[in-house]
Amino acid sequence: YTAALSGERLGGMVSYLNDVSSQRVQAQPLAGQSLVMDINDLGSLVEAYKQRAAWLIVAACKNVQSDLKRGKRKEDAWNKNSVDLVQATEAHCHYVVVKLFVDKLSEVLDVAALRILSTLCLLYTLHGISRNTGDFLQAGLLAPVQLEQIQQRIKDLLVVIRPNAVALVDAFDYTDTQLGGVLGRYDGNVYENMFEWAKKSPLNKTQVHASFHKYLKPLQSKL
Amino acid sequence: MNPDLSRERAAASFNPETITYVLDGSPERTRRRREIENLVTSDPEFQHEDPNFLSRSERYELAIKKSALMVQKMRQHGISDPEEIYWFKSFVHQGRPEPLDLHLGMFLPTLLNQATPEQQDRFFMPAWNLEIIGTYAQTEMGHGTHLRGLETTATYDPSTQEFILNSPTVSSLKWWPGGLGKTSNHAVVLAQLYTQGECKGLHAFIVPIRHMSTHEPLPGVTVGDIGPKFGYDETDNGFLKFDKFRIPRENMLMKYAQVEQDGKYVKPLSDKLTYGTMVFIRSMIVGDSALCLSRACTIAVRYSAVRHQSEIRAGEPEPQILDFQTQQYKLFPLLATAYAFQFVGSYMSQTYHRITGDIQQGNLSELPELHALSAGLKAFTTWVASYGIEECRMACGGHGYSCSSGIPDIYVTFTPACTYEGENTVMMLQTARFLFKS
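So the protein lines, in turn, are chains P and U. Position in the first sequence (from 1) plus 108 gives the number in this note's numbering. Position in the second sequence (from 1) plus 2 gives the number in this note's numbering.
Here it is in structure tokens:
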């Protein structure tokens with residue numbers, strides 16, 4: 109933020125902070141406006157996550173700087189705003205994860221695979237917005253009416269994923285050994301194997317556990 | 003095959019194999035990964051009782067036995083590519099930790115990255131052949147993520163050309179390193195270096211802690227297991243106390259910083275050179291987040307297709323739980339997250355390997371951003387994955403609490419990733435510092 113303000117050109121995942129110096133990121137953008145025109149457009153959703161991150165970073169850094177101007181020591185100014193700084197960093201990381209997911213789609217050649225992965229990507233992106241609506245509304249990236257649309261769209265996506273859910277986890281390609289249990293077996297024969305598994309429990313090595321004769325039997329005879 | 007699962011698989015709109023290739027990176031890597039997995043699953047020597055039925059001591063012994071077998075089998079099969087070693091190891095130990103984790107994952111790489119050629123000649127082959135079994139002792143009982151707070155000292159004595167290692171307070175005891183309690187006979191120890199009366203900051207030292215043949219602790223060294231934990235039963239996380247323990251000057255890792263015989267300190271070219279190891283470890287942890295969340299999702303989604311419960315339409319048979327919107331709303335966003343983290347994990351790994359080449363040519367320009375990004379992503383993904391695995395467990399109802407589900411083991415083994423290798427909030431603030439400077 110500081111380097112961008114002083115006009116330095118940034119690269120990599122923080123290049124969006126270059127906009128900070130040209131004031132394209134405002135702490136309180138005009139209410140009612142919305143950056144996202146089409147909630148199904150992954151490109152504009154990635155832009156919304158980026159603006160959200162930039163908005164939170166600008167807000168947190170401005171708080172630190174105003175404390176510094178009021179004469180606070182650097183460490184105290186930093187500590188006093190660390191909650192905002194952590195939230196800003198989480199938003200930055202969230203933007204990176206969304207961006208990488210969207211970028212990955214361009215490498216997928218199989219049409220059917222691309223379709224379902226795009227659905228998952230949209231679900232991840234919209235679900236992330238639905239869990240952080242305050243940020244997106246305050247930053248003027250979404251209009252209130254869009255929140256309802258997003259919630260409905262998420263439910264629509266659940267229906268699309270439903271018939272593909274088992275195949276999507278099969279694609280992770282974990283053997284039953286790696287899953288380390290019987291509940292997620294590939295063949296789905298859960299109950300038979302749960303019963304077999306339980307029978308091998310160490311407590312079942314004897315029909316009557318030693319503690320019965322040691323403690324319960326003597327107790328019964330005394331009562 | 004359970005009929006519900008057969009129907010589910012028949013209804014899918016895509017072939018799972020095509021997405022497996024995307025996750026692995028190519029069909030060839032999928033083939034090779036499966037080949038390596040088969041080397042383990044088809045080997046009778048690697049078969050054993052369910053660890054859930056074993057005591058802690060038995061689980062530790064089983065892990066040691068498998069680690070010993072793993073080292074021999076890897077050589078027999080000629081497995082030496084780092085990624086293939088990682089695959090082989092995770093198939094042998096099924097995602098669980100093992101006492102040689104830090105020997106393979108930290109001790110050997112530290113020798114490769116921070117030892118001089120002379121030091122590598124002395125230590126690397128014995129360590130490769132497990133005559134030396136090493137760990138990495140940085141964290142202390144009272145100090146951890148904030149490295150400047152570490153108390154262990156290494157004071158140079160020019161008269162004998164030795165470093166004197168000391169644990170000045172009880173809070174300075176090395177605490178937590180895996181394999182330290184019972185397994186290792188050496189450790190890379192991070193200590194505050196004092197020479198010519200000045201503190202030069204944290205440096206790494208190769209320290210013998212047990213006799214090479216009897217395995218008894220050496221005089222001046224107190225070492226042991228820190229006791230039972232939430233999980234990690236297979237690993238002897240240990241403690242280590244030094245009482246003015248002397249080591250030769252040549253045991254300080256001197257590729258970057260040096261102390262000459264008269265005690266003169268020669269500082270490293272850049273303090274960012276140790277960033278590389280941290281970035282490597284954190285990108286591995288991002289990969290673990292994806293892996294563990296994917297496993298938990300696999301269990302929860304499949305079981306939700308098998309389990310029938312309650313009623314949607316009166317009088318009709320119990321539907322699959324996966325038909326309830328609430329169950330879908332619990333699991334599908336987590337499934338999408340698991341995929342997102344799989345792609346983040348591979349991006350971090352590729353970026354690290356790309357930048358490693360630059361580091362070796364002395365170009366450290368991209369390292370600060372990757373160091374900051376890896377800290378933030380480590381925190382972000384481990385927090386989300388740890389929460390998500392517990393969500394998957396609960397989505398399996400009562401059986402999710404049984405060890406037969408496999409999810410309790412996944413959770414207790416994964417959740418410490420939110421605190422080890424840097425506590426998550428501190429990691430977030432480390433990234434925030436970079437964003438602030440940017």
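Just so it is clear, CB atoms sit at the ideal spot from N, CA and C, and this is done for glycine as well.
Per DSSP, the beta-bridge partners of M254(U) are F207(U). Residues Q432, T433 and F436 of the same chain have their beta carbon placed closer than 7 Å to that of A374(U), with the five preceding and five following residues left out of the count. Taking C-beta atoms under 8 Å as the contact rule, T224(U) and K176(U) fail to qualify, at a distance of about 10 Å. Taking 9 Å as the cut-off, the Cβ atoms of F126(U) and L110(U) count as close. The distance from the Cβ of I135(U) to that of S186(U) is about 5 Å, consistent with a contact at the 8 Å cut-off. In the DSSP assignment, H188(U) falls outside any alpha helix (DSSP H) and within the unbroken beta strand (DSSP E) covering H188 to T197. For M430(U), same chain residues with a beta-carbon under 7 Å away, outside a window of 5 residues either side, are G378 and A381 in chain order. Using a Cβ-Cβ cut-off of 9 Å, A302(U) counts as an interface residue toward chain P, since at least one Cβ of chain P sits closer than that to its own. Closest by C-alpha distance to L204(U), out of Y23(U), I87(U), A139(U) and E262(U), is A139(U). Contact of H317(P) with chain U is not assigned, every C-beta pair being separated by 9 Å or more.
With respect to T237(U), G181(U) sits close: the two C-beta atoms are nearer than 9 Å.
Here DSSP, grouped into helix, strand and coil, assigns H235(P) to helix. At least one CB atom of chain U sits nearer than 9 Å to the CB of T110(P). Close partners of D218(P) in chain U (Cβ separation under 9 Å): F16, N17, T20, I21, Y23 and V24. Each of K231(U), C294(U) and F207(U) was checked against the Cα of T118(U), and the nearest Cα belongs to F207(U). It is roughly 21 Å from the alpha-carbon of R77(U) to the alpha-carbon of D123(U). Between Q121(U) and A419(U), the alpha-carbon positions lie close to 32 Å from each other.
Taking a beta-carbon distance threshold of 9 Å, G408(U) counts as an interface residue toward chain P. With a threshold of 9 Å between beta carbons, Y157(P) makes no contact with chain U. Boundaries of the alpha helix (DSSP H) harbouring Y354(U): Q327 to Q362, taken from the DSSP string.
The Cβ-Cβ distance between Y203(P) and K158(P) falls below 9 Å.
A Cβ-Cβ separation of about 6 Å places L291(P) in contact with C398(U) under the 8 Å criterion. When DSSP states are grouped into helix, strand and coil, F247(U) belongs to the strand group.
In the DSSP assignment, G242(P) falls within the alpha helix (DSSP H) that extends over T241 to Q246. Residue-level contact check: S214(P) does not touch chain U, since none of the beta carbons of chain U fall below 9 Å from its beta carbon.
Between S406(U) and G289(P), the gap from beta carbon to beta carbon is short of 9 Å. Within the model, the alpha-carbon separation for P221(U) versus F241(U) is close to 16 Å.
Around the beta carbon of A196(P), 16 or more other beta carbons sit within 10 angstroms, so the residue counts as buried.
For chain P, the residues of the region 318 to 339 of chain U that bring a beta carbon within less than 9 Å of one of its beta carbons are L324, D325, Q327, Q330, Y331, L333, F334, P335, L337, A338 and T339, in chain order. In the DSSP assignment, T20(U) falls within the alpha helix (DSSP H) that extends over P18 to D26. Per the coordinates, the alpha-carbon of G289(U) lies some 21 Å from the alpha-carbon of A275(P). In the structure shown, the three-state DSSP call for N168(U) is strand. If you draw a straight line from the Cα of L271(U) to the Cα of P250(U), it comes to about 24 Å. Judged by DSSP secondary structure, D159(U) falls within the beta strand (DSSP E) whose first and last residues are T155 to D159. When C-beta distances to chain P are compared with 9 Å, the residues of the region 70 to 96 of chain U below that value are S92, F93 and Q96, in chain order.
Taking 9 Å as the Cβ-Cβ cut-off, the region 391 to 421 of chain U approaches chain P at C398, H401, G402, S404, C405, S406, S407, G408, I409, P410, D411 and I412, given in chain order.
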